[in-house]
Amino acid sequence: MVFIIMKNFNVLTKVVFCLSFLSSAFPTYAADDVKVTQNTSVFKLKLSATRLIYEQGSDGAAITVTNPQDWPMLVQSKVFEEDKVTAAPFIVTPPLFRLNPGQQNKMWVVQTAPALQDREKLHWLCATGITPKKSDVWAEKDKEKIAENVNLNIQVNVHTCIKLITRPSGIEGKMVNASEKLSWKKQGDKIVAVNQSPFYINLSSLQVGGSKIEKLDYIAPFSQHEFVMPKTSGQDIKWSVITDEGGESRLFISHLQS
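With mature numbering (1 follows the signal peptide of the UniProt record, and there is no 0) applied, the sequence shown corresponds to residues -30 to -1, 1 to 228, in that order.
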């Protein structure tokens, strides 16, 4: 059994490949004697939103999970801190359940510890499709008999993660309005975005002097973030942000400060 883990939280997925294969402990036969059949099963879930806003003081937040595959799977969910490693003080119910092909189920997320009151906090809600247990695919009726058929089972487990943002009830204004008030300054070969609001601002597009900046990121509350300055002499800067609903805001326009 070999597990290959690839992490890429820019696309918010972690993929685990599980390969079942004939070990070297078994005799080696000529290629003409063995027929190899490859079977690939992807255990990937679909969530109903790309982000979840958790309003402080509420009873929790709900999200729907769907099994788009043609086979059943177990679903297990957990909430992590911004580092995507440390467990966050949330419970997800149901914590573990079976989801048949094409079936949907609602998950309920509840915070279990006090949160910040002056700004939003970012967490990650991750849902994992778990591979069902199967019997040994290499079982032979007669170990003395030469194997005629070999099944190579490739099982791809995909961990799907979305942003879970806790929003205190005491902060004023709206995230989209705060996004318009971002300030921008040039420092060497960098562009610095300054966020003086209590909201997480997730950029959807960014361009300077008509040149697009491809590697975008979010800007945490009361902080700043650097982007690589494109080769342009223009000073006009345009940007849009991802809304609470997962859409794109209107275009905002400003000028770079020296």
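No residue lacks a Cβ here, since even glycine has one placed at the ideal position from N, Cα and C.
- Q87 places its beta carbon 8 Å or farther from that of G158.
- Between V211 and the set S203, F169, V49, T56, the nearest pair of CA atoms involves F169.
- Judged by their CB atoms, K208 and F192 are not nearer to each other than the 8 Å cut-off.
- Its chain contains S174, S175, S210, V211, I212 as the residues whose beta carbon lies nearer than 8 Å to that of E218, once the 5 sequence neighbours on both sides are disregarded; these appear in chain order.
- Annotation for A32: the continuous beta strand (DSSP E) segment containing it runs 31 to 36.
- The beta carbon of L15 sits closer than 6 Å to those of V35, A97, G99, T130, all from its chain and outside the five residues before and after it, given in chain order.
- In the DSSP annotation of this structure, the continuous segment of the beta strand (DSSP E) that includes S153 starts and ends at 153 to 157.
- The C-alpha of S153 is placed about 46 Å away from the C-alpha of L44.
- If you draw a straight line from the Cα of R89 to the Cα of D214, it is about 16 Å long.
- In the DSSP secondary-structure assignment, V79 is bridged to A31, V62.
- Closest option to Q74, judged by alpha-carbon separation, among L186, N37, V128, P200: N37.
- Between E52 and L92, the C-beta spacing is below 8 Å.
- With at least 16 other beta carbons inside 10 angstroms of its own, A148 counts as buried.
- The beta carbon of T82 is closer than 8 Å to those of P59, F60, I61 in its chain, skipping five residues each way along the sequence.
- Closest option to Q46, judged by alpha-carbon separation, among A31, Q166, W78: W78.
- Look at N70 here: in three-state DSSP terms it is coil, with no helix or strand label.
- Bounds of the alpha helix (DSSP H) holding S149 are 145 to 150.
- Taking a C-beta distance under 8 Å as the contact criterion, T202 and V164 do not qualify as a contact pair.
- In the DSSP annotation of this structure, the continuous segment of the beta strand (DSSP E) that includes V45 starts and ends at 43 to 50.
- Across the set N172, V198, G180, the C-alpha of N172 shows the shortest separation from the C-alpha of D187.
- Within the same chain, W154, K155, V178, I183, E196, F197, V198, M199, I207, L226 come within 8 Å of I161 by CB-CB distance, once the 5 residues on both sides are set aside.
- From the listed residues A19, F13, S224, the smallest Cα separation to E150 is found for S224.
- Annotated as distal: I135 and R220, with beta-carbon spacing of 8 Å or more.
- Cα atoms of V49 and A85: separation of roughly 14 Å, rounded to the nearest angstrom.
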